[in-house]
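With the UniProt record's numbering applied, the sequence shown corresponds to residues 1 to 270, in that order.
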Amino acid sequence: MARFLKYASLVGASLVVLLPPVVLVLASLKTNNEYLTTGPFDPPGDWLNFDNYVTAFTKGHMLRGFVNTSIIMAASLVGTVIIGSMAAYAIDRFRFRLRGLVVALFLLATLVPGVTTQVATFKVVDALDLYDSRWSAIVLFLGTDIISIYIFQQFLRGVPRELDEAAAMEGATPFGIYWKIILPLLKPAVATVVIVKGIAMYNEFYIPFLYMPSQELGVISTSLYRFKGPFGAQWEVISAGVILVIIPTLIAFLALQRFIYNGFTAGAGK
């Protein structure tokens with residue numbers, strides 16, 4: 001009975017997870033008339049109707065969206081890894097005045113909803129002349145990154161301090177210890193941060209939509225918004241676009257799932 005309940009729950013959970021993608025695929029293969037006159041689980045009239053995919057990719061400027069998203073993600077992730085690991089190294093390894101206050105402020109920042117600071121954030125971005133540029137998203141991704149510091153700090157607690165002391169006795173500087181010893185040992189943490197933050201940046205809609213209104217700066221998350229207007233939405237085209245957006249993340253997950261599982265399990269054991 002216990003085995004039956006276990007497998008029944010797994011099958012039920014799988015169905016719940018698979019239903020939305022199935023509905024999206026069916027909708028993406030339908031014409032507008034079919035979408036409006038049939039149910040969500042009704043099959044399309046033509047299983048080889050890829051017109052919606054062509055429309056989503058071309059009129060949604062998804063290629064440009066992929067390029068802009070890749071540029072922003074690459075710059076943001078490199079900065080996140082460097083800044084986050086450095087901050088975690090300084091907090092974990094050094095004892096300085098007001099250290100407890102700094103840690104408390106980091107924790108407090110995670111409790112403040114981002115929407116409550118948007119007016120002040122917008123004024124700062126505009127004052128720095130970053131509005132309507134890729135740098136606005138990059139700076140905001142870096143400036144609001146607290147999770148990566150926490151992840152790196154958890155991994156650092158498992159790195160023996162004796163390594164730092166031995167390197168210091170050999171004449172290594174604090175930065176040399178970080179760069180040559182600590183950072184290479186943080187590879188599982190780096191993989192975890194890149195995956196977690198990369199997915200969040202890839203799916204982010206609000207920041208690009210608010211701070212990068214130009215069509216030339218559109219990212220993949222805002223590309224689908226072109227097919228929704230004040231008089232309705234082309235849901236069959238949006239469904240095709242969603243499938244196109246999911247494909248890269250699915251490929252990345254399948255390719256990096258070993259690092260995902262190892263990173264989270266290693267972090268949980270620190």
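Backbone N, C-alpha and C define an ideal beta-carbon position, used for all residues, glycine too.
Asked                                                                                                            : Found
Proximity test, residue 133 beta-carbon vs the ligand NAP heavy atom, cut-off 7 Å                                : The model on display carries no ligand, and the ligand NAP is accordingly not part of it.
Spatially closest choice to residue 146 from 20, 79 and 30, by CA coordinates                                    : 79
Rounded distance between the beta-carbons of residue 224 and residue 198, thought under 8 Å                      : At roughly 19 Å, the Cβ-Cβ gap does not stay under 8 Å, so residue 198 and residue 224 are not in contact.
Every unbroken beta strand (DSSP E) within the stretch 119 to 184, with a cutoff of 3 residues, ordered by chain : none
Inter-residue Cα distance where the pair is residue 11 and residue 3                                             : 12 Å
Whole-number beta carbon distance between residue 27 and residue 40, since they are thought to touch under 8 Å   : 7 Å
Straight-line Cα distance separating residue 33 from residue 233                                                 : 13 Å
Assigned secondary structure, residue 11 (DSSP; H/G/I helix, E/B strand, else coil)                              : helix
Residues sharing a beta bridge with residue 233, DSSP                                                            : 228
Assumed close pair residue 134, residue 71 - CB separation to whole angstroms, cut-off 8 Å                       : 6 Å
Counted within 10 angstroms of its Cβ, other Cβ atoms place residue 30 as buried (16 or more) or exposed         : buried
Cα-Cα separation, residue 155 to residue 89                                                                      : 10 Å
Spatial distance of residue 87 from residue 35 (CA atoms)                                                        : 51 Å
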